[in-house]
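From first to last, the protein sequence lines are chains P and H. Using my numbering, the letters of the first sequence correspond one by one to residues 13 to 293. Using my numbering, the letters of the second sequence correspond one by one to residues 13 to 293. Below: one structure, written as structure tokens.
Number of protein chains: 2
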Amino acid sequence: MTIENSSQAKVFGGWHKQYTHQSNVLNCAMKFAVYLPPQASKENPVPVIYWLSGLTCSDENFMQKAGAFKVAAELGVAIVAPDTSPRGEGVADDAEGAYDLGLGAGFYLNATQAPWDKHYHMYSYIVDELPALIEQHFPVTPAKSISGHSMGGHGALTIGLKNSEQYRSISAFSPITNPINCPWGQKAFSHYLGNNIEDWKAYDSVELLKHNKATLPILVDQGEDDGFLQEQLKPELLVAAAKASGSDMTLRMQPGYDHSYFFIQSFIEDHLRFHAQFLTA
Amino acid sequence: MTIENSSQAKVFGGWHKQYTHQSNVLNCAMKFAVYLPPQASKENPVPVIYWLSGLTCSDENFMQKAGAFKVAAELGVAIVAPDTSPRGEGVADDAEGAYDLGLGAGFYLNATQAPWDKHYHMYSYIVDELPALIEQHFPVTPAKSISGHSMGGHGALTIGLKNSEQYRSISAFSPITNPINCPWGQKAFSHYLGNNIEDWKAYDSVELLKHNKATLPILVDQGEDDGFLQEQLKPELLVAAAKASGSDMTLRMQPGYDHSYFFIQSFIEDHLRFHAQFLTA
Numbered sequence: 013m014t015i016e017n018s019s020q021a022k023v024f025g026g027w028h029k030q031y032t033h034q035s036n037v038l039n040c041a042m043k044f045a046v047y048l049p050p051q052a053s054k055e056n057p058v059p060v061i062y063w064l065s066g067l068t069c070s071d072e073n074f075m076q077k078a079g080a081f082k083v084a085a086e087l088g089v090a091i092v093a094p095d096t097s098p099r100g101e102g103v104a105d106d107a108e109g110a111y112d113l114g115l116g117a118g119f120y121l122n123a124t125q126a127p128w129d130k131h132y133h134m135y136s137y138i139v140d141e142l143p144a145l146i147e148q149h150f151p152v153t154p155a156k157s158i159s160g161h162s163m164g165g166h167g168a169l170t171i172g173l174k175n176s177e178q179y180r181s182i183s184a185f186s187p188i189t190n191p192i193n194c195p196w197g198q199k200a201f202s203h204y205l206g207n208n209i210e211d212w213k214a215y216d217s218v219e220l221l222k223h224n225k226a227t228l229p230i231l232v233d234q235g236e237d238d239g240f241l242q243e244q245l246k247p248e249l250l251v252a253a254a255k256a257s258g259s260d261m262t263l264r265m266q267p268g269y270d271h272s273y274f275f276i277q278s279f280i281e282d283h284l285r286f287h288a289q290f291l292t293a
Numbered sequence: 013m014t015i016e017n018s019s020q021a022k023v024f025g026g027w028h029k030q031y032t033h034q035s036n037v038l039n040c041a042m043k044f045a046v047y048l049p050p051q052a053s054k055e056n057p058v059p060v061i062y063w064l065s066g067l068t069c070s071d072e073n074f075m076q077k078a079g080a081f082k083v084a085a086e087l088g089v090a091i092v093a094p095d096t097s098p099r100g101e102g103v104a105d106d107a108e109g110a111y112d113l114g115l116g117a118g119f120y121l122n123a124t125q126a127p128w129d130k131h132y133h134m135y136s137y138i139v140d141e142l143p144a145l146i147e148q149h150f151p152v153t154p155a156k157s158i159s160g161h162s163m164g165g166h167g168a169l170t171i172g173l174k175n176s177e178q179y180r181s182i183s184a185f186s187p188i189t190n191p192i193n194c195p196w197g198q199k200a201f202s203h204y205l206g207n208n209i210e211d212w213k214a215y216d217s218v219e220l221l222k223h224n225k226a227t228l229p230i231l232v233d234q235g236e237d238d239g240f241l242q243e244q245l246k247p248e249l250l251v252a253a254a255k256a257s258g259s260d261m262t263l264r265m266q267p268g269y270d271h272s273y274f275f276i277q278s279f280i281e282d283h284l285r286f287h288a289q290f291l292t293a
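Dropping the structure here:
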């Protein structure tokens, strides 16, 4: 698996770099970004936090807007930010260019329905292909945690819960907690997975958590003035699911904050320190 | 002078807000953004750092990418980010849409040449109209400092040097130090100010600084791997000018850093703390 560097910039003594590569899982060329803290070297590999972004985002939104690098450099953790869907001319998209289906809206699942099933395999990309690529090409250890925002918070929770042996900890900002039960999720899942709701439950954090006690620590932050809170995000259902299974999850409701990167940058330090305590233990 | 709020988001306990207003100086509608730290109130007005952005930027680039709010909140300083040129359908632009002339490239001067002289008065906007507006509508003190990047570094230096009674301190990232002597400056100044180079010197930091001892402290950061360093920025000429007039200026050359916001976010904390020591004294 080869990768090609497309940009690099020094930041807080480390390096932000972007790469392109041919994805076997997604059947298209993909971009990702990595932040390597100053400590990272062949002699001193560092753990990795995978960041999954939300609807409409690429590898760039978190890296440009989250203000995460000062603390990542202090803690000596790398951050990897993939794109949010397969990309390119041959990749299916919503006919009307909707922001919540198709390009930029991969929902971190493996689609089973045409035309989506040809490329939309973000679940396997995040779980298998991308970490293998990162561990092949960069000075990192196998220690991994996973975090994300909104659709990416859904991705971080579902992937972390389903692959708990692979990660040390999970966190999310404003996650879509119960996609089988909200408009964004129902629209995407019906296209990607078909009409059998039983098939949807494998990608639903509330369903996963309520039936299985989580073995990883989980931190969730949610802004109380988030315009998507009641219709799309529903953190109270995640809390109930964690309680039902006796899982270790902390939900922090943050008064006055919305759904934007201004909210993420206000609390990203807490998430990095939360993950670092497990990654560097 | 009235202003209209167009967005607001809580960040690090304070508020990022965007506004539109009709500018009398620029003869068009303008946007600006303000960060108000949590301490700001009518009973406790706070000082202001004005941030001037570079070519192609709007009020948004710094606010989204600089990662400045955590420290601004700690220090209790407001930040105001104006746009970089007049805007709107009636505003002259380069015929070929060049990034370094016209919209997004106001160069913080008062144009004297048609068609630019109808709207391009960013100097008077930054020096007079905008601070009056800010002090009318927000819980701020008259204490001000000024900073900026690239074209905005040129703006911060020239405006600060020419209005030293109005500011407490000046800083810049990667400033265009000697526009009369580099391609970006020569192109813009010839269009905005005509062909008499004597008229250009009033907007040239090197010219201003070499003939007059600066009464304000000045901090400049410059990345050593900045692709514009030698042809456009020329910090060594600013150092020589400061030395010639016995002015107090610190230039820090930063190995490995480029011209991007990744560079700015790496050192913005130093600039905020530099200004705060004079603003809160």
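Every residue, glycine too, gets a C-beta built ideally from N, C-alpha and C. On a predicted model such as this, the values are computed, not experimentally measured, just so you know.
Taking the Cα positions, Met265/H is about 6 Å away from Gly235/H. For Lys225/P, same chain residues with a beta-carbon under 8 Å away, outside a window of 5 residues either side, are Ser257, Gly258 and Ser259 in chain order. From the beta-carbon of Lys77/P, the residues of chain H found nearer than 8 Å are Gln76 and Lys77. Under the Cβ criterion (8 Å, minimum of three pairs), the region 238 to 257 of chain P does not count as touching the region 142 to 160 of chain P. A contact between stretches requires three or more CB pairs, one per stretch, nearer than 8 Å, and the region 100 to 108 of chain P fails this requirement with the region 176 to 191 of chain P.
The beta carbon of Ser278/H sits closer than 8 Å to some beta carbon of chain P.
The beta carbon of Gln51/H sits closer than 7 Å to those of Val58 and Gly88, all from its chain and outside the five residues before and after it, given in chain order. Against chain P, the CB of Asp270/H has a partner CB under 8 Å away; the residue lies at that interface. No Cβ of chain H is located within less than 8 Å of the beta carbon of Phe44/P. For the pair of segments examined, the region 121 to 132 of chain H was found not to touch the region 13 to 30 of chain H: the number of CB pairs separated by less than 8 Å stays below three. Identification of chain H residues near His28/P by a Cβ-Cβ cut-off of 8 Å yields Phe274, ordered along the chain.
Taking each of Ala90/H, Val218/H, Lys213/H and Asp233/H in turn and checking the Cα distance to Leu249/H, the smallest one comes out for Val218/H. For the region 14 to 98 of chain P, the continuous alpha helix (DSSP H) assignments of 4+ residues that do not extend past its boundaries occur at 72 to 77 and 81 to 87, in sequence order.
The region 80 to 95 of chain H makes contact with the region 56 to 70 of chain H: 3 or more CB pairs, one atom from each, lie closer than 8 Å. In the three-state reduction of the DSSP assignment, Pro143/H falls in the helix class, which pools H, G and I. Residues Ile61, Ala80, Val83, Ala84, Leu87 and Val89 of the same chain have their beta carbon placed closer than 8 Å to that of Leu284/H, with the five preceding and five following residues left out of the count.
Nearest neighbour of Ala184/H by Cα position, chosen from Leu231/H, Met134/H, Pro127/H and His203/H, turns out to be Leu231/H. No Cβ of chain H is located within less than 8 Å of the beta carbon of Phe286/P. In the DSSP secondary-structure assignment, Ala117/P is bridged to Gly114/P. For Lys213/H, the secondary structure class from DSSP, reduced to helix, strand or coil, is helix. Per DSSP, the unbroken alpha helix (DSSP H) holding Leu249/P starts and ends at Pro247 to Ser257. When the alpha-carbon of His131/P is set against those of Ile146/P, Lys54/P, Gly167/P and Gly100/P, the nearest one is in Gly100/P. Contacts between Lys246/P and chain H, judged by CB atoms closer than 8 Å, are missing: the closest CB pair is about 21 Å apart. For Arg264/P, the beta-bridge partners assigned by DSSP are Asp233/P. With 16 or more neighbouring CB atoms inside 10 Å of its own CB, His133/H falls in the buried class. Under the three-state reduction of DSSP, Ser157/H is assigned to strand.
Ala184/H: member of the beta strand (DSSP E) spanning Ile182 to Phe185, first to last residue. Assignment of His271/H by DSSP, reduced to helix, strand and coil, places it in the coil class. For Lys156/P, no CB of chain H lies under 8 Å from its own CB, so it is not counted at the interface with that chain. The C-beta separation of Pro98/P from Gly118/P comes to about 7 Å, placing the pair in contact by the 8 Å criterion.
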